[in-house]
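Have a look at the structure below, then the notes.
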Amino acid sequence: MKIVLYLHMHQPWRLARFRYLDLGSGRSYFDLERNLTIFRGIAERCYRPALDRLAQALEEHSEFRFSLSITGTFLEQARLAAPDVLDRLRALHSTGRVALLAETYYHSLSFLVPAPELHDEVQMHREMLRKEFGATPKVLRMTELAYSDDLARFAERERFNGMLAEGWEGILRGGSPTARYCAAPAPTVMLLLRHYPLSDDVGFRFSSTGWNEFPLTAEKYAGWIASTPGELVGLFMDFETFGEHHAARTGILEFLSALPRAVRTHPGVDWATVDEAIQGPPREPLSVPYTMSWADQNRDLGAWLGNDLQRSAFEAAKKVGLAVRQANDPEILMDWRKLLTSDHFYYMYVSGHGADQGVHEYFSSYDSPYDAYANYMNALTDLRRRAHERLGVPILK
Amino acid sequence: MPVPRAGRDVPSRRLLVPTRPLHIVMVGWEWPPSHTGGLGVHSFELCKELTKLGHRITFLTPFPGPFTPVPGVTFRYPGGPVGETQTVSPFPPAYWTGDTPDSPFWNATDGYNTWVAELSEAEGVDVVHVHDWFGTDGAAALAHRLRCPLVMTVHSTEYDRSLGHPWQHILEREERGIAAAARVIAVSRHLRHQLIERYHGDPRKVRVIYNAVRPSERLAQIDPHRRVVLFVGRLAAMKGVDTFLRAAGRVVPQFPDVLFVIAGEGSEYSRLLHLTAALGIGDQVMFLGKVSDEEREILLAGSSVFVLPSVVEPFGIAALEAMAAGVPVIISKTSGVAEITSGAFRVDFWDVDEFASRIAELLEYPTLRKAMGEQGRWEALREGWPERARETVSVYVESLRAGDSR
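First to last, the protein sequences are chains A and B. The first sequence begins at 171 in this note's numbering and counts up by one. The second sequence begins at 38 in this note's numbering and counts up by one.
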């Protein structure tokens, strides 16, 4: 049994309040100061302490290893707000026991936008990893762990050897989430599945006092992993789990430190990076004809494109993309790509009830989904005007 | 995010129920069909639901009617039983305060209070319930005489109506009422806070019961070719109508097809008319004057956006009515109705540019208009006057248990 610990690092470029009256003003859509302030806060509470603990664990336990994905927007903000976080990441990677994953530079929904957008953004991200870390990723993860047969074909064309996906019963059809799989339409692409019960025990439930397993110790958790049958157990979660989603006072950082030690007491349980985990014997082919994700109860794209507001905003963004592509202006293109970041659509989620609403509100920076939508549409409308101006299209209205 | 509906001060879902039907003397002001403000509607809807719960109301008013009848409600006014006399009322419209204590208005107010205090043939009364300041002295004296508790509902305060320049005589009446009442009902938590802070109301006695609206059959039918931005309310300084006009001034250059409609009358009318002219938007602003309930419903059905930019708004029932009609609303952050909705845009009352932007956004993005309209409708109608009446009865029972009859 190998543990594939994978942590996701991302921060979006949140929008400033961009009023309808700001259209044509030349104001930036993005609130640089606010984003950097947020980043500095998370760096203090989470990135620095958790990265230091991971570095220490690598030092103390030669068998310990894990994987990271770092979005381009995260990197841009880290560079401006907390360059030492980048230094820490480079140091971790240089140990050779931390694998980096490929994804879209902007953590975007570009996989739903006409080609070549997805290719371009993955390429941008690859170049960023090469330049910043000297890394060549072998495994691709799509925004919010989106996965489908089509995306597997894309990974194959882009010469990736593996992809991440949710280990969801709906696609396993009785199969085990800890077995080895490859993509049915692209057998050279190995699949690494998220073991969602064990991942969510840490990601969601760790600090929940109402949980009957509370408090979760590293020893208990390592025992659960050891008693899980299979070959690979994918523990995939946000990096911010450690110190941000669960504050330091919950003991989450100590838990992180103690885990490699606790795992060591179970012979037969070992660690693997994503690059190591895709090596190995032949696998079962797995087919996923629709796009699934790791979010909410339905594991679909409902969290981003489930309601009229979200779909209307995304359709508008796609349409503006046509003019943006033609305008061929790097600044306009960059702003458009920042607007494709999935977080903007997440903020427009509406639901009166249920467990998911709390999660959505936690992550939102707006007063309401209507607020998020109006603000987004204003920025997009302004962007469209800029693109049209560049193209010499007369601006109506 | 939205302020949670139920707070410590809001009656809990476990409401108290009396062991027998109550007889309530309600010391009121207006009653439909001749009302100028929200108080008339409030009294009407509340009494209707109270009678449905089996309680009996004697409704006192200074005006001789006509009264839209409600079974179980008996009307009494100075000068005789219903329908007997048609005296000309000495009273100006509700909330009118531009007079001195020596004037006929004050004499009439005192006369009304004296009449209330000495109300004859008032037997078997369980609770005296008074609204706002004008009848508090009489109501308190009546409650004392009948040895039953006084409940007072405060819809707005003199501080708010006067934008911080209160009339001492009215202030004192409000203070006396709040002190005398066994229980005080505020129409929002914001207002409750004010009653405690400024009027020294006993926090243990002040409850919050929100206003509500009746479901209307008329849904907003949004016609993309006829776009109306609507304000409904009194033309008073506290309503922030000039913010509405200034915001309109920012919107019209980009939306030449939009009409800004102002429905209501009041002392600010001529000033607002001058402002409209000064802003140069006369051809896109329409002053309708006072509208009937039916006219208001038709207006709402044809409106794209409803704006309530009040500087001070203890509740803001007009916004709730717009929401019930499925019209997306923009309200000032301080309004009471902002406490019970998440489907409205909330704006600082002084932020003209933000009001203008919000109006423009709702005009520009049909998906937003529809989504906010649906959310608002759901929020406005999920609870109504029946719930509010049950909450009120629960406060009556509290007041009876408090044994605080003065």
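Note that beta-carbon positions come from the ideal geometry of N, C-alpha and C, so glycine has one too. In this text the structure is predicted, and so the values were computed from the model without any measurement.
Short Cβ contact (8 angstroms threshold) for residue i with residue j
i: A:H295; j: A:Y317; result: no
i: A:L510; j: A:L279; result: yes
i: B:T446; j: B:G109; result: Look at the range of chain B in this structure, 38 to 443, and you will see that residue 446 of chain B is not part of it.
i: B:V28; j: B:D169; result: Because chain B spans 38 through 443 in this model, residue 28 of chain B falls outside it and cannot be assessed.
i: B:W387; j: B:E86; result: no
i: A:P286; j: A:A322; result: no
i: B:T95; j: B:G65; result: no
i: B:T429; j: B:L53; result: no
i: B:L336; j: B:L267; result: yes
i: A:L362; j: A:A305; result: no
i: A:Y540; j: A:R453; result: no
i: B:V344; j: B:V298; result: no
i: B:G75; j: B:H227; result: no
i: A:E558; j: A:A493; result: First, the residue type needs correcting, since residue 558 of chain A is His and not Glu in the sequence shown. The answer is yes: Cβ separation under 8 angstroms.
i: A:L221; j: A:L259; result: yes
i: B:R213; j: B:T173; result: yes
i: A:W338; j: A:R469; result: yes
i: A:L315; j: A:R364; result: yes
i: A:V283; j: A:G491; result: yes
i: A:P455; j: A:P347; result: no
i: B:V432; j: B:I233; result: no
i: A:M360; j: A:G332; result: yes
i: B:Y196; j: A:A544; result: no
i: A:R560; j: A:I502; result: yes
i: A:A252; j: A:F330; result: no
i: A:T313; j: A:H277; result: yes
i: A:E389; j: A:A432; result: yes
i: B:E112; j: B:T146; result: Sequence check: residue 112 of chain B is Phe here, not Glu. No. Outside cutoff.
i: A:H180; j: A:T265; result: no
Assumed close pair residue i, residue j - CB separation to whole angstroms, cut-off 8 angstroms
i: A:L386; j: A:D371; result: 6 angstroms
i: B:D390; j: A:L342; result: Going by Cβ atoms, the distance from B:D390 to A:L342 rounds to 54 angstroms, so no, they are not a contact pair.
i: A:S427; j: A:Q226; result: 7 angstroms
i: A:I395; j: A:I240; result: Going by Cβ atoms, the distance from A:I395 to A:I240 rounds to 25 angstroms, so no, they are not a contact pair.
i: A:Q418; j: A:R218; result: The displayed chain sequence assigns Ala, not Gln, to residue 418 of chain A. So it is not a contact: roughly 11 angstroms between Cβ atoms.
i: A:V255; j: A:A248; result: 5 angstroms
i: A:F236; j: A:Y176; result: 7 angstroms
i: B:E302; j: B:M360; result: Not a contact, Cβ separation roughly 23 angstroms.
i: B:W68; j: B:F104; result: 5 angstroms
i: B:P365; j: B:G410; result: 5 angstroms
i: B:V328; j: B:A300; result: 5 angstroms
i: B:A186; j: B:L399; result: For the sequence presented, residue 186 of chain B should be read as Pro rather than Ala. Going by Cβ atoms, the distance from B:P186 to B:L399 rounds to 46 angstroms, so no, they are not a contact pair.
i: B:L316; j: B:G286; result: 4 angstroms
i: A:D513; j: A:P307; result: In fact, because the Cβ distance is near 22 angstroms, the residues do not count as touching under 8 angstroms.
i: A:F409; j: A:H178; result: 6 angstroms
Residues that residue i contacts on chain C, provided the C-beta gap is smaller than 9 angstroms
i: A:R189; result: Among the protein chains of the structure shown, namely A and B, there is no chain C.
Check: Counting Cβ pairs closer than 8 angstroms, one from the segment 538-554 of chain A and one from the segment 323-332 of chain A, do we hit at least three?
Finding: no
Notebook entry, point to check: Where are the beta strand (DSSP E) runs, 3 residues long or more, that stay fully inside the segment 321-400 of chain A, in chain order?
Noted result: 332-336, 351-353, 356-364
Next item on the list: Indicate whether the contact test is met: 3 or more Cβ pairs, each with one atom in the segment 269-288 of chain B and one in the segment 232-251 of chain B, closer than 8 angstroms.
Entry: no
Notebook entry, point to check: Listed from N- to C-terminal order along the chain, which residues in the segment 538-550 of chain A have their beta-carbon within a distance smaller than 9 angstroms of any beta-carbon of chain B?
Noted result: S538, P539, Y540, D541, Y543, A544, N545, M547, N548
Checklist line | Every unbroken beta strand (DSSP E) inside the segment 235-322 of chain B [3 residues or more] | finding: 243-245, 264-269, 295-300
Notebook entry, point to check: If contact means a Cβ-Cβ distance below 8 angstroms, which residues of the segment 280-292 of chain B contact chain A?
Noted result: R287, Q291
Next item on the list: Write down every uninterrupted run of the beta strand (DSSP E) in the segment 199-276 of chain A whose length is 3 residues or greater and which is fully enclosed by it, in chain order.
Entry: 236-240, 268-270
Check: Counting Cβ pairs, one atom from each stretch, are 3 or more of them under 8 angstroms apart for the segment 317-331 of chain B and the segment 366-380 of chain B?
Finding: no
Notebook entry, point to check: Residues in the segment 467-491 of chain A with C-beta within 7 angstroms of chain B's C-beta atoms, listed in sequence order?
Noted result: D478, L479, S482
Checklist line | the segment 231-240 of chain B / the segment 161-177 of chain B touching (three or more Cβ pairs under 8 angstroms) | finding: no
Next item on the list: Report yes or no: do the segment 414-423 of chain A and the segment 190-205 of chain A share at least 3 C-beta pairs separated by less than 8 angstroms?
Entry: no
Checklist line | Contact the segment 406-415 of chain B vs the segment 367-374 of chain B: 3+ CB pairs below 8 angstroms | finding: no
Notebook entry, point to check: What residues from the segment 357-391 of chain B come within 9 angstroms of chain A, judged by C-beta to C-beta, listed N to C?
Noted result: P365, S379, G380, A381, F382, R383, D390, E391
Notebook entry, point to check: Does the segment 170-182 of chain B come close enough to the segment 208-218 of chain B that 3 or more CB-CB pairs lie under 8 angstroms?
Noted result: yes
Check: Which ranges does the beta strand (DSSP E) cover as unbroken runs of at least 3 residues, wholly within the segment 425-457 of chain A, from first to last along the chain?
Finding: 454-456
Next item on the list: With a floor of 3 residues, list each beta strand (DSSP E) that falls wholly inside the segment 171-247 of chain B, ordered by position along the chain.
Entry: 187-191, 220-223, 243-245
Notebook entry, point to check: Of the residues that make up the segment 404-420 of chain B, which ones have a beta carbon closer than 9 angstroms to any beta carbon in chain A?
Noted result: T404, L405, K407, A408, M409, Q412, W415
Notebook entry, point to check: Between the segment 172-196 of chain B and chain A, which residues of the former have a C-beta closer than 9 angstroms to a C-beta of the latter?
Noted result: none
Checklist line | Contiguous alpha helix (DSSP H) assignments of at least 4 residues, all confined to the segment 482-523 of chain A | finding: 500-509, 512-516
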